[in-house]
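Notes follow the structure.
2 protein chains.
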Amino acid sequence: MQNSIHQEIDIETSDKTKINDVDFNNLDFGKKFIDHMFYCDYIDGAWQQPKIVPYQPMTIEPSARVLHYGQAVFEGMKAYKDDDGKAFLFRPEDNHRRINISAARLAIPEFPKDYFMEGLTTLMKMDKDWIKPGIGNSLYIRPFVFAIEPAISAAPAQAYRFMIICSPAKAYYTGKVRVLFAETYSRSANGGVGFAKAAGNYAAQFYPTSLAQKKGYQQIIWTDASSHEYLEEAGTMNIFFRINDTLVTAPISDRILDGITRKSIIQLAEDNNIKVDVRRVTVSEIKEAARNGSLKEIFGTGTAAVISPISAFEHSEEVFEIPDQDDAYATLFKKYLLNIQHNLSDDKHGWRYEIK
Amino acid sequence: MQNSIHQEIDIETSDKTKINDVDFNNLDFGKKFIDHMFYCDYIDGAWQQPKIVPYQPMTIEPSARVLHYGQAVFEGMKAYKDDDGKAFLFRPEDNHRRINISAARLAIPEFPKDYFMEGLTTLMKMDKDWIKPGIGNSLYIRPFVFAIEPAISAAPAQAYRFMIICSPAKAYYTGKVRVLFAETYSRSANGGVGFAKAAGNYAAQFYPTSLAQKKGYQQIIWTDASSHEYLEEAGTMNIFFRINDTLVTAPISDRILDGITRKSIIQLAEDNNIKVDVRRVTVSEIKEAARNGSLKEIFGTGTAAVISPISAFEHSEEVFEIPDQDDAYATLFKKYLLNIQHNLSDDKHGWRYEIK
Ligand SMILES: Cc1ncc(COP(=O)(O)O)c(C=O)c1O
Ligand SMILES: Cc1ncc(COP(=O)(O)O)c(C=O)c1O
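Written out as structure tokens, the structure reads:
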């Protein structure tokens, strides 16, 4: 029941570009935005005229429901450029599908696919200079939708704004990530919204993560809220464990985000005859594997950092260091993925989406 | 470590009042706002000049962190007037304490008590005409704070806005509330943010609640996410069960909001020699009590409706009707509370706070 794009996008171009004010070698993530933004409002039961306008602040009522009840979901995706100046997205239809899965769980109306793809590609074409070539460079794309209805009763809003804003990103080297396995705090409940990219899921992690950071850990690996015995995912990454030569990762559930990088890695592993076990992973087996040397790697997967190798974890006050691995799967898969994204290798699964 | 109010509130008064445009006998909750609003920004590590200005829309960056990561918490409280025109708040310091408990869990800086009380009472005095006398009439007060820093990295913001907006409310008769006991969806996890008035907790309930409404139930009584066997609270109310002449209510935990109405009822029950058991309540015992006739009442408690009697519940496709009760505790406690709030009875616990 998606309305089809019955009208062109209204476009108002910016008088001048801000691109020369940006030091692309020194980017502080998420603070600089490209010249234009896309938006479309939902009013009276329908998505209205989609628009692209110069990036700018907007007006919102103090009673806008998003400020009170967190009715907002988002996506995170990237555009890449090859050395010939061709620009690409990576599996963008999956982001569209996922934002609508998130939206449905938060009682937000779904956003039509043609509006999404049209808005996205038009914006990319207008601000193509902001996508820099070179492995590691990318343009981070943030589609999001939030409740704007000015009424503070605790019920789904009648009005929403869908937007796409974009911020140039540098190679995101996380260095050696040390993580804490969650024993007290939790990210999500059975029957909750953990599988959705719901705004509130992220704020809920800030405080526990700040405690972990004080102990010297950059991230938390969340466990199930009932027993804290099952390893689930990190704040913005899915998690893989390499036990000997097998990769193990938790199945998707209502507590875990269905990561696009995760499923791409599972496919790439299969392509390369690396065994992947998708099954529940317990804290005790990972500790045991770390002790007996069969735990070769842990890494996180997500759009932002692609793959983040994890060098140590702590659980119950015990710290486990994971020795560096020659021919690490993390390195291998990161290379495979970046090569596909930057048009440097074959794309046999049709994941690349050229912007033209 | 709260900074004291080193400067007066900056006040800009409205040229004209909107009060004559409002039909106080026909209020649609949360859509009309009083003439002024209070706000105070947190920038560079400190709360800045507090201000009262005419109620108006505001400017926000599309990258403001609240829109992406739901970093926002709020409060709900009310002002009442007696027939002599004196206006009162009800336990306002508890709302201040609670918004800071919520804020801490979401990594939001605490708001100083004197700013809160000063902002609140000044605003009430300026717009006192909006508080109408008469049992049931009140002014709903919404303090809230949200992340405004324009940067989309997933980390606590460096800039926030604290606001107070207010909306006149009529006697809120919910009629006979029919509820569904949660068996699939959940409101909060152990170690999560359920005890906080975190914005995202509310959006997460909208979809399951809409499913319940389609089945003819106005609200869901949430159960624990692990077993769905323990009855916890409703979306915006705590819950009491009357078994014979004893009231039973779940203890506060990290999943349950510490309701001010709830704790007031517990105190009033004690004052009136009514026994209250604060203990875990199971679905099976309540079904059994409904079957054998010992379940006399269920009611919800919260600032909005004070007390909402519940007339039926469903669990596992079985519907239990709760017969009307002469001398219902719900009626009794509602009267006690409203009388205290409207200055019609003694206030031996010092809950009333006169605005002068
Ligand atoms: C909670 C969570 N898990 C995992 C991921 C990884 O998903 P993807 O690979 O689609 O970026 C993200 C976000 O990117 C996330 O927010
Ligand atoms: C989740 C939740 N539980 C209970 C309550 C009742 O709390 P209070 O009595 O302080 O209004 C509220 C809100 O008012 C709430 O949001």
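From first to last, the protein sequence lines are chains H and U. Everything in the first sequence is counted per my numbering, starting at 1129 for the first residue and increasing by one. Everything in the second sequence is counted per my numbering, starting at 1129 for the first residue and increasing by one. Think of the CB as a built atom: it goes at the ideal place given N, C-alpha and C, for glycine as much as any other residue.
Notebook entry, point to check: Can you tell which of H:Ile-1367, H:Ile-1438, H:Asp-1454 and H:Asp-1474 has the C-alpha that lies nearest to the C-alpha of Val-1447 of chain H?
Noted result: In the first sequence, the residue the question calls residue 1447 of chain H occupies position 319. Of the listed residues, the one whose Cα sits closest to Val-1447 of chain H is H:Ile-1438.
Check: Going along chain H in order, which residues have a C-beta closer than 9 Å to the C-beta of Gln-1346 of chain U?
Finding: As a first step, residue 1346 of chain U is located in the second sequence; it is residue number 218 there, counting from the start. In chain H, no part has a C-beta under 9 Å from the C-beta of Gln-1346 of chain U; the shortest such distance is about 11 Å.
Check: Nearest chain U C-beta to Met-1252 of chain H closer than 9 Å, yes or no?
Finding: As a working note, residue 1252 of chain H is residue 124 in the first sequence. Chain U, which has no Cβ nearer than 9 Å to the Cβ of Met-1252 of chain H, makes this no.
Next item on the list: Kindly provide the ranges of any beta strand (DSSP E) runs that are 3 or more residues long and lie completely inside the region 1170-1202 of chain H, ordered along the chain.
Entry: Fully enclosed beta strand (DSSP E) runs of 3 or longer: 1179-1182, 1186-1188 and 1200-1202.
Notebook entry, point to check: What residues match up with Val-1305 of chain U in a beta bridge as DSSP calls it?
Noted result: Indexing the second sequence from 1 puts residue 1305 of chain U at position 177. As DSSP reads the structure, Val-1305 of chain U sits in a beta bridge with U:Ile-1438.
Margin query: For Ser-1412 of chain U, tell me which candidate among U:Asp-1382, U:Ser-1355, U:Asp-1455 and U:Met-1365 has the shortest Cα-Cα distance.
Written below: In the second sequence, the residue the question calls residue 1412 of chain U occupies position 284. The residue with the shortest Cα to Cα distance from Ser-1412 of chain U is U:Ser-1355.
Notebook entry, point to check: Just how far apart, CA to CA, sit Asp-1386 of chain U and Phe-1323 of chain U?
Noted result: Against the second sequence, residue 1386 of chain U aligns to sequence position 258. Against the second sequence, residue 1323 of chain U aligns to sequence position 195. Using only the alpha carbons, I get a separation of about 7 Å.
Check: Since Asp-1405 of chain U is in the beta strand (DSSP E), which residue starts that stretch and which ends it?
Finding: In the second sequence, counting from the first residue as 1, residue 1405 of chain U sits at position 277. 1404-1406 is the extent of the beta strand (DSSP E) around Asp-1405 of chain U.
Notebook entry, point to check: On the premise that Ala-1353 of chain H lies in contact with Ser-1314 of chain H, defined as a C-beta separation below 8 Å, what is that separation, rounded to the nearest angstrom?
Noted result: Position 186 of the first sequence, counted from the first residue, corresponds to residue 1314 of chain H. Position 225 of the first sequence, counted from the first residue, corresponds to residue 1353 of chain H. That belief holds up - the Cβ atoms of Ser-1314 of chain H and Ala-1353 of chain H are roughly 4 Å apart, short of 8 Å.
Margin query: I'd like the span of the alpha helix (DSSP H) that includes Glu-1238 of chain U, first residue to last.
Written below: Indexing the second sequence from 1 puts residue 1238 of chain U at position 110. From DSSP, Glu-1238 of chain U is part of no alpha helix (DSSP H); its letter is neither H nor E.
Notebook entry, point to check: Hey, how far is the Cα of Ala-1417 of chain U from the Cα of Asn-1329 of chain H?
Noted result: The count along the second sequence starts at 1 and reaches residue 1417 of chain U at position 289. The count along the first sequence starts at 1 and reaches residue 1329 of chain H at position 201. When rounded, the separation of the alpha-carbon atoms in Ala-1417 of chain U and Asn-1329 of chain H is 37 Å.
Checklist line | Rounded separation between Ala-1432 of chain U and Tyr-1268 of chain U - CA only | finding: Here residue 1432 of chain U refers to the residue found at position 304 when the second sequence is read from its first residue. Here residue 1268 of chain U refers to the residue found at position 140 when the second sequence is read from its first residue. Put simply, the backbone Cα of Ala-1432 of chain U is about 8 Å away from that of Tyr-1268 of chain U.
Margin query: Taking contact to mean 3 or more Cβ pairs, one atom from each stretch, closer than 8 Å, check whether the region 1286-1299 of chain H and the region 1257-1274 of chain H are in contact.
Written below: In this structure the region 1286-1299 of chain H touches the region 1257-1274 of chain H; the number of beta carbon pairs closer than 8 Å is three or more.
Check: Can you list the residues of chain H that Thr-1141 of chain U reaches, using a CB-CB cut of under 7 Å?
Finding: Walking along the second sequence from the start, residue 1141 of chain U turns up at place 13. Those do not exist, as Thr-1141 of chain U stays about 18 Å from chain H at its closest Cβ, beyond 7 Å.
Margin query: Please state whether the Cβ-Cβ distance between Phe-1112 of chain H and Lys-1179 of chain H is less than 9 Å.
Written below: The shown model of chain H, from 1129 to 1484, leaves out residue 1112 of chain H, and the question about it has no answer.
Next item on the list: Please determine, among H:Pro-1296, H:Ala-1362 and H:Tyr-1208, the residue with the shortest C-alpha to C-alpha distance to His-1470 of chain H.
Entry: Position 342 of the first sequence holds residue 1470 of chain H. The shortest Cα separation from His-1470 of chain H among H:Pro-1296, H:Ala-1362 and H:Tyr-1208 belongs to H:Tyr-1208.
Check: According to DSSP, is Asp-1222 of chain U helix, strand or coil?
Finding: Taking the first residue of the second sequence as 1, we reach residue 1222 of chain U at position 94. If DSSP states are grouped into helix, strand and coil, Asp-1222 of chain U belongs with the helices.
Margin query: Short of 7 Å in beta carbon distance, which residues of its chain neighbour Gly-1478 of chain U, apart from the five on each side in sequence? Order them along the chain.
Written below: As a position in the second sequence, residue 1478 of chain U is number 350, starting the count at 1. Taking C-beta separations shorter than 7 Å and ignoring five residues to either side along the sequence, Gly-1478 of chain U has no partners in its chain.
Check: Can Tyr-1330 of chain H be considered in contact with ligand 1, in the sense that its beta carbon sits closer than 8 Å to one or more heavy atoms?
Finding: Here the question's residue 1330 of chain H lines up with position 202 in the first sequence. It does: the Cβ of Tyr-1330 of chain H is within 8 Å (strictly closer) of some heavy atom of ligand 1.
Item checked: Buried/exposed call for Gln-1453 of chain U, threshold 16 Cβ in 10 Å -> The residue you call residue 1453 of chain U lines up with position 325 of the second sequence. Only exposed fits Gln-1453 of chain U, as fewer than 16 other CB atoms lie within 10 angstroms of its CB.
Next item on the list: Give a yes or no on whether 9 Å exceeds the smallest Cβ distance from Met-1129 of chain H to chain U.
Entry: On the first sequence, residue 1129 of chain H is found 1 positions in, with the first residue counted as 1. Unreliable placement is indicated for Met-1129 of chain H, whose pLDDT of 33 sits below 50; no coordinate value is reported for it.
Margin query: Would Leu-1359 of chain U and Phe-1461 of chain U be called neighbours here (beta carbons separated by less than 9 Å)?
Written below: Taking the first residue of the second sequence as position 1, residue 1359 of chain U is located at position 231. Taking the first residue of the second sequence as position 1, residue 1461 of chain U is located at position 333. Not in contact: Leu-1359 of chain U and Phe-1461 of chain U (Cβ atoms no closer than 9 Å).
Checklist line | For Ile-1380 of chain H and Asn-1131 of chain U, the rounded distance between their alpha carbons | finding: Counting from 1 along the second sequence, the entry for residue 1131 of chain U is found at position 3. Counting from 1 along the first sequence, the entry for residue 1380 of chain H is found at position 252. Annotation note: pLDDT 41 at Asn-1131 of chain U (below 50); position unreliable, no value reported.
Notebook entry, point to check: Quick one: does Pro-1284 of chain U have its CB under 9 Å from some CB of chain H?
Noted result: One-based indexing of the second sequence puts residue 1284 of chain U at position 156. Yes, its Cβ sits closer than 9 Å to a Cβ of chain H.
Next item on the list: Could you work out which residues of chain U lie near Glu-1189 of chain H, taking near to mean beta carbons separated by less than 7 Å?
Entry: Here the question's residue 1189 of chain H lines up with position 61 in the first sequence. For the C-beta of Glu-1189 of chain H, the chain U residues within less than 7 Å are, from N- to C-terminus, Pro-1185.
Notebook entry, point to check: Looking only at C-alpha atoms, which of U:Thr-1187, U:Val-1194 and U:Ile-1259 sits nearest to Leu-1217 of chain U?
Noted result: As a first step, residue 1217 of chain U must be located in the second sequence, where it is residue number 89. Just measuring C-alpha positions, the residue of U:Thr-1187, U:Val-1194 and U:Ile-1259 sitting nearest Leu-1217 of chain U is U:Ile-1259.
Note to self: Can you confirm whether Val-1321 of chain H, when its beta carbon is compared against all beta carbons of chain U, has any partner nearer than 9 Å?
What the structure shows: In the first sequence, residue 1321 of chain H corresponds to position 193, counting from 1. Against chain U, the CB of Val-1321 of chain H has a partner CB under 9 Å away; the residue lies at that interface.
Next item on the list: Using DSSP bridges, identify the partner residues of Arg-1485 of chain U.
Entry: In this structure chain U extends from 1129 to 1484, so residue 1485 of chain U is not present and cannot be described.
Note to self: For a quick check, are the C-beta atoms of Arg-1492 of chain U and Gly-1320 of chain U less than 9 Å apart?
What the structure shows: What is shown of chain U runs 1129 to 1484, which leaves residue 1492 of chain U out entirely.
Next item on the list: Output yes if chain U places a C-beta closer than 9 Å to the C-beta of Asp-1156 of chain H; else output no.
Entry: For the purposes of this step, residue 1156 of chain H is taken as the residue at position 28 of the first sequence. Chain U, which has a Cβ nearer than 9 Å to the Cβ of Asp-1156 of chain H, makes this yes.
Check: Out of H:Asp-1474, H:Glu-1449, H:Ala-1326 and H:Thr-1250, which has the shortest C-alpha to C-alpha gap to Leu-1234 of chain H?
Finding: The count along the first sequence starts at 1 and reaches residue 1234 of chain H at position 106. Measuring C-alpha to C-alpha distances from Leu-1234 of chain H to each of H:Asp-1474, H:Glu-1449, H:Ala-1326 and H:Thr-1250 identifies H:Ala-1326 as the nearest.
Notebook entry, point to check: Is the Cβ of Gln-1199 of chain U closer than 9 Å to any Cβ of chain H?
Noted result: On the second sequence, position 71 is the one that residue 1199 of chain U refers to. Using a Cβ-Cβ cut-off of 9 Å, Gln-1199 of chain U counts as an interface residue toward chain H, since at least one Cβ of chain H sits closer than that to its own.
Check: So, is the C-beta of Gly-1363 of chain H closer than 9 Å to a C-beta in chain U?
Finding: By one-based count along the first sequence, residue 1363 of chain H stands at place 235. Cβ-Cβ to chain U under 9 Å: yes for Gly-1363 of chain H.
Margin query: To be precise: take each residue of the region 1223-1236 of chain U, compare its Cβ to all Cβ atoms of chain H, and keep it if any distance is under 8 Å. Which residues remain?
Written below: Correct list: Ala-1232, Arg-1233, Leu-1234 and Ala-1235.
Notebook entry, point to check: How about Thr-1429 of chain H: is its Cβ closer than 8 Å to a heavy atom in ligand 1?
Noted result: Taking the first residue of the first sequence as 1, we reach residue 1429 of chain H at position 301. Result yes, Cβ under 8 Å from ligand 1.
Note to self: Does any residue of chain U have a CB that is nearer than 9 Å to the CB of Gly-1328 of chain H?
What the structure shows: Position 200 of the first sequence, counted from the start, is the residue given in the question as residue 1328 of chain H. At least one chain U Cβ lies under 9 Å of Gly-1328 of chain H.
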